[in-house]
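Shown next, in structure tokens, is the structure this report addresses.
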Amino acid sequence: MKQFSHLLMRVISAALYFNASQASALEAPTNVTVDGHEMAAPSIGDLLVHVISPITSTKILPSTFPLPGQKSLNLYISACRGEFEPMSFVLRALSRDMTGVTLTATDLHSVSSSAVIPFKHVDLKIVKPWFQSYYAWNEIGKSDPADFRQTLVPELLLKDDALVSVDVSAERNFVMLDHGYEWINQKKMAASEQVFPTMQEFPVTDAKTLQPFALPRRTNKQVWATIFVPPGTPPGEYSGDIEVRSNGALQGTIKVNLKVHSFELAESKIFHSIYYRAVLDDARARVGSEYRNTQQMREELQNLINHGVRNPTMYQPFSSQGLLREALQLRQDLGMNNEPLYYLGLQTTTSFLGHDAEKQLRTVFSRINGIARDHGFTSVYVYGKDEAKGAELVAQRRLWDIVHDLGGKVFVAGYTDSFELVGDSLDFLVHAHQPSVQEATKWRGSGHKIFNYANPQTGPENPFLFRLNYGIVLWANGYDGAMPYAYQHCFGSCWNDMDHSKYRDHAFTYPTADGVIDTLAWEGFREATDDVRYLTTLEKLLSNGSSNSTPAADQARSFLSTIKTAVLSKQADSGKYNLKMDIDLDAVRSQVVGHIDAITNAR
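Quick note on our numbering: the sequence shown kicks off at 2 and runs consecutively.
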């Protein structure tokens with residue numbers, strides 16, 4: 002009650018302070034002074050521009066004011082060749098309703114040579130807020146089965162802002178289908194756990210290019226831009242524009258300033274995988290999390306690759322060897338990493354294998370192993386009993402021995418006490434919740450591996466949580482990999498967060514009839530993979546004999562040690578999902594780059 006009263010007083014105070022005239026004065030564009038020189042206000046026509054950090058725990062809604070970030074018409078970004086890097090800004094309409102607003106990226110030109118990064122590598126999207134379950138942003142569960150409260154959170158990254166329409170007063174989400182808008186967040190319990198419509202029943206598709214959007218007076222629109230730096234791009238400074246128009250008339254431009262680093266980004270020392278549930282089956286394809294036609298799966302697998310996941314798990318059942326081969330071939334065609342196959346289509350439980358479990362396991366594993374090797378996989382990991390404890394965990398030893406005798410390996414999700422029970426037999430544990438240096442030391446010391454999940458499960462919209470916990474936190478704790486659950490696991494309809502009694506949908510992305518829609522959280526996970534790639538690049542540079550005895554190298558080692566100590570220290574006091582951890586990941590990335598450059602230049 003004290004917290005509620007305090008919050009109520011803050012709301013009342015804010016309402017009294019920001020009256021209409023004061024808000025107008027705050028929003029009015031004013032000139033800014035830079036290095037003693039007065040410069041034009043950061044506005045484009047009637048649009049105020051705020052540049053913000055793309056991966057942040059701060060929610061930006063249409064009504065958010067004052068805005069975070071900096072009033073500016075300049076975006077600054079740096080990246081390595083082959084990297085996807087995000088940037089973001091907010092447009093706010095000042096004194097009138099804006100219609101037909103369009104954003105167009107130009108080519109990025111080198112400031113010192115004739116090199117060009119074509120505009121097609123600048124991907125523009127709109128961040129769409131909509132209503133989700135009340136504990137959205139940081140949580141995956143619901144407090145009570147009958148808790149139908151909702152809250153407005155930013156989540157979707159859309160090409161067509163009008164694809165989803167939100168009635169704020171009624172707390173309703175609508176999606177545009179062939180027949181018009183359909184209300185999609187009805188507050189009801191699903192008759193079963195999974196209710197997935199066909200493409201004909203729910204033909205939701207996003208546009209392929211950014212569409213015009215409207216911006217009512219005194220409201221915000223957050224824009225997301227991702228730059229991909231093609232391999233082979235010469236290093237150096239590049240510059241281009243994002244042109245802003247309203248009903249076809251040019252209003253102004255936002256400058257994009259890109260630095261392409263001179264070094265190559267190493268592969269992450271942490272293996273970033275994910276539970277990917279979808280199976281290939283054209284006849285049963287749906288707009289859900291379980292079945293895909295070839296087009297849908299190809300789009301999702303490419304999306305996974307683009308977000309740093311080159312080897313997700315596979316659930317494709319062995320009952321149809323033809324479809325299993327097609328699904329594996331699709332991965333091979335896209336150039337996915339085929340070293341181990343993380344396979345959940347075979348599990349080491351008698352309930353899965355049937356009466357003669359040992360015989361069935363030998364027969365099925367041999368077939369799967371042969372098919373996997375035909376498609377370039379070097380080994381096959383089969384799955385144990387999910388989240389088993391105690392006797393249930395130990396009971397699988399005999400079946401695991403058979404897998405090992407056949408040349409296979411075993412992995413499964415589980416808990417902190419698993420090593421003491423099966424650490425000599427389980428090849429790697431997908432460890433739940435907060436990572437632990439002690440757990441990492443046990444598993445890695447025995448020659449086995451430890452991955453992490455459920456810190457948190459996917460579903461919370463806060464991108465900072467996923468960047469933090471599946472990146473630098475795992476690096477500091479010495480984990481081998483990340484395997485969050487899940488790319489998509491929908492409870493009820495994937496597009497309705499209110500239709501299951503216990504869980505919110507576990508989803509990094511949203512399925513469509515012809516592809517996939519990204520989210521803020523999914524972008525946070527990609528930045529986690531890149532954070533570790535930058536750290537790995539520096540560590541590899543320090544392991545190079547010609548670099549390990551210079552002052553620059555000594556400073557870099559001290560920096561890495563300090564960062565690791567700080568993360569572990571803060572983790573101890575940061576609570577669930579490290580929600581209280583105050584670490585500036587952008588600053589850490591920048592410092593890593595500085596050390597890489599210093600060591601390289603000192604050679």
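Every residue, glycine too, gets a C-beta built ideally from N, C-alpha and C. For clarity, every value in this text was computed on a predicted model and none was experimentally measured.
Look at the alpha carbon of residue i and the alpha carbon of residue j, and state the distance between them as a whole number of angstroms.
i: Thr417; j: Ala433; result: 8 Å
i: Gly371; j: Ala414; result: 25 Å
i: Phe272; j: Gly237; result: 30 Å
i: Thr295; j: Ser321; result: 16 Å
i: Lys143; j: Ile518; result: 24 Å
i: Lys450; j: Gln439; result: 13 Å
i: Val35; j: Lys72; result: Because the pLDDT at Val35 is just 36, under 50, the model does not fix this residue reliably, and the value given afterwards should be weighed accordingly. Their Cα atoms are separated by approximately 12 Å.
i: Thr510; j: Ala522; result: 9 Å
i: Gly391; j: Ser380; result: 28 Å
i: Ile61; j: Pro341; result: 40 Å
i: Val280; j: Arg218; result: 46 Å
i: Gln333; j: Thr206; result: 27 Å
i: Gly446; j: Ser494; result: 43 Å
i: Val589; j: Asp532; result: 9 Å
i: Ser544; j: Glu86; result: 27 Å
i: Ala508; j: Gly385; result: 23 Å
i: Gly46; j: Val117; result: 29 Å
i: Ser591; j: Gln201; result: 48 Å
i: Ile584; j: Val568; result: 8 Å
i: Ser502; j: Arg399; result: 38 Å
i: His376; j: Leu325; result: 11 Å
i: Asp148; j: Asp587; result: 37 Å
i: Asn549; j: Leu539; result: 11 Å
i: Pro63; j: Arg150; result: 20 Å
i: Leu17; j: Thr220; result: Because the pLDDT of Leu17 is 26, which lies under 50, any placement of that residue in the model is unreliable, and the question is left without a value.
i: Pro119; j: Leu335; result: 23 Å
i: Ala284; j: Asn174; result: 30 Å
i: Lys189; j: Asp500; result: 5 Å
Is the separation between the beta-carbon of residue i and that of residue j shorter than 7 Å?
i: Arg505; j: Ser134; result: yes
i: Thr349; j: Arg246; result: no
i: Arg604; j: Glu528; result: no
i: Leu211; j: Lys260; result: no
i: Tyr70; j: Ile56; result: Note on residue identity: the sequence assigns Gly, not Tyr, to residue 70. For Gly70 and Ile56, no; Cβs fall outside 7 Å.
i: Met315; j: Ala226; result: no
i: Val431; j: Val404; result: no
i: Ile127; j: Asp98; result: no
i: Val165; j: Lys129; result: yes
i: Leu394; j: Leu422; result: yes
i: Leu347; j: Val365; result: yes
i: Pro318; j: Leu305; result: no
i: Asn139; j: Lys256; result: no
i: Pro213; j: Gly289; result: no
i: Pro457; j: Gly525; result: no
Compare the Cα-Cα distances from residue i to each of the options and report the closest residue.
i: Ile473; options: Gly336, Ile564, Met484, Asn545; result: Ile564
i: Asn186; options: Ser447, Ala250, Asp498; result: Asp498
i: Ser426; options: Val169, Trp444, Gln435; result: Trp444
i: Gly546; options: Ala514, Ser559, Ile600, Thr530; result: Ile600
i: Ser352; options: Leu125, Gln397, Tyr239, Asn248; result: Gln397
i: Thr254; options: Ser111, Thr513, Thr105, Arg97; result: Thr105
i: His122; options: Asp108, Asp515, Leu164, Ser113; result: Asp108
i: Val310; options: Leu345, Leu347, Glu268, Asp282; result: Glu268
i: Phe66; options: Leu49, Leu74, Tyr77, Leu76; result: Leu49
i: Asn478; options: Ser570, Gly323, Val176; result: Ser570
i: Arg287; options: Trp401, Pro204, Asn75; result: Pro204
i: Lys222; options: Arg173, Arg93, Leu68, Thr538; result: Arg93
i: Thr234; options: Arg285, Val154, His110, Gln297; result: His110
i: Phe452; options: Lys270, Gln330, Ser550; result: Lys270
i: Asn248; options: Thr513, Arg368, Ala215; result: Ala215
i: Leu561; options: Lys541, Lys577, Tyr578, Gln572; result: Lys541
i: Gln330; options: Phe378, Ala455, Glu183, Asn579; result: Phe378
i: Phe264; options: Pro512, Thr537, Val154; result: Thr537
Report the CB separation of residue i from residue j in whole angstroms; it is logged as a contact under 8 Å.
i: Tyr535; j: Leu266; result: 7 Å
i: Ile1; j: Pro461; result: Nothing can be reported for residue 1, as the shown portion of the chain is limited to 2 through 604.
i: Val91; j: Trp131; result: At roughly 17 Å, the Cβ-Cβ gap does not stay under 8 Å, so Val91 and Trp131 are not in contact.
i: Phe429; j: Glu291; result: Not really, about 25 Å apart at Cβ, beyond 8 Å.
i: Ala137; j: Thr152; result: 6 Å
i: Tyr77; j: Asn258; result: 5 Å
i: Val112; j: Tyr239; result: 7 Å
i: Thr520; j: Leu157; result: 6 Å
Task: Contact the region 288 to 307 vs the region 483 to 494: 3+ CB pairs below 8 Å - done: They touch, by the three-pair rule.
- [ ] For the region 476 to 486 and the region 269 to 288, state whether three or more C-beta atom pairs, one from each stretch, are separated by less than 8 Å.
- [x] Judged by Cβ distances under 8 Å, the region 476 to 486 makes contact with the region 269 to 288, as three or more pairs qualify.
Open item on the list: When you compare the region 217 to 234 with the region 72 to 84, are there three or more beta-carbon pairs, one atom per stretch, that lie closer than 8 Å?
Closed with: Yes, the region 217 to 234 is in contact with the region 72 to 84.
Open item on the list: Using 8 Å as the cut-off, can you tell me whether the region 583 to 599 makes contact with the region 550 to 559, which would need three or more C-beta pairs spanning the two stretches below that distance?
Closed with: Yes: at least three Cβ pairs fall under 8 Å.
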